[in-house]
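So for the sequence shown, numbering that gives the first Met the number 0 puts the first residue at 0; every next one is plus one.
Note that CB positions come from ideal geometry on N, CA and C, so glycine has one too.
Below you'll find the structure, written out as structure tokens, and then a few comments.
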Amino acid sequence: MARYCFCLQVKPDRMAEYAERHRAVWPEMRQALTDTGWRNYSLFLRDDGLLIGYVEADDLEAAQAAMARTEVNARWQAEMAEFFTGLDGRGPDEGFQLLTEVFHLEGK
0 MARYCFCLQV KPDRMAEYAE RHRAVWPEMR QALTDTGWRN YSLFLRDDGL LIGYVEADDL
60 EAAQAAMART EVNARWQAEM AEFFTGLDGR GPDEGFQLLT EVFHLEGK
């Protein structure tokens, strides 16, 4: 299982609503993420709108492709796109910037 970290920018005036939407992620969206190989998925939001995501997957590209084939993901991405800047017409799930891991401390 590989670890992936990514970032996006949430519009500052939409941060509260973005956080609220994620307190109530649709059950079918949660299930689709699990079914398509997303594990230990977390989102962190800084007070200036910087969103950092962390996910573990055997293959992130394959997990993204599998999600892209689901109807629930199409609906979710359409609703979430309005919260972000810098997507240039892409969905949030296509517009995030992957970060390079430079250090990892193994757990026991």
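CA-to-CA distance, residue j to residue i, given in whole angstroms
i: Phe43; j: Arg20; result: 14 Å
i: Arg13; j: Thr84; result: 11 Å
i: Thr35; j: Glu105; result: 26 Å
i: Lys107; j: Ile51; result: 25 Å
i: His103; j: Met66; result: 27 Å
i: Ala61; j: Asp47; result: 31 Å
i: Arg74; j: Ala31; result: 12 Å
i: Leu97; j: Arg45; result: 17 Å
i: Val101; j: Arg68; result: 32 Å
i: Val54; j: Tyr3; result: 5 Å
Identity of the residue in the options nearest residue i by Cα
i: Phe5; options: Ala80, Arg68, Leu59, Asp87; result: Leu59
i: Gly94; options: Ala1, Val9, Ala23; result: Val9
i: Arg29; options: Lys107, Glu70, Asp47; result: Glu70
i: Asn72; options: Pro26, Leu97, Leu86; result: Pro26
i: Ala18; options: Phe82, Thr99, Leu32; result: Phe82
i: Glu78; options: Arg2, Ala1, Val24; result: Val24
i: Ala1; options: Leu86, Arg22, Ala31, Tyr40; result: Tyr40
Nearest-angstrom Cβ-Cβ length linking residue i and residue j, presumed shorter than 8 Å
i: Gly88; j: Gln76; result: The Cβ separation is near 12 Å, so there is no contact.
i: Ala64; j: Trp37; result: Wrong, their Cβ atoms sit about 12 Å apart, outside the cutoff.
Own chain partners of residue i with C-beta closer than 7 Å, once the 5 adjacent residues on each side are dropped
i: Ala15; result: none
i: Ala80; result: Leu86, Gly90, Pro91
Cβ neighbours of residue i in the same chain (closer than 6 Å, five flanking residues each side left out)
i: Asp92; result: Gln76
i: Leu86; result: Gly94
Contact set for residue i: own chain, Cβ-Cβ below 8 Å, skip 5 residues either direction
i: Pro11; result: Asp47, Gly48
Run through the stretch 36-85 for me and flag every whole alpha helix (DSSP H) of 4 or more residues, listed as ranges in chain order. Within the stretch 36-85, the complete alpha helix (DSSP H) segments of 4 residues or longer fall at 59-67, 70-79, listed in chain order.
Mind pulling the alpha helix (DSSP H) runs of 4 or more residues that sit fully within the stretch 3-40? Runs found: 14-21, 26-34.
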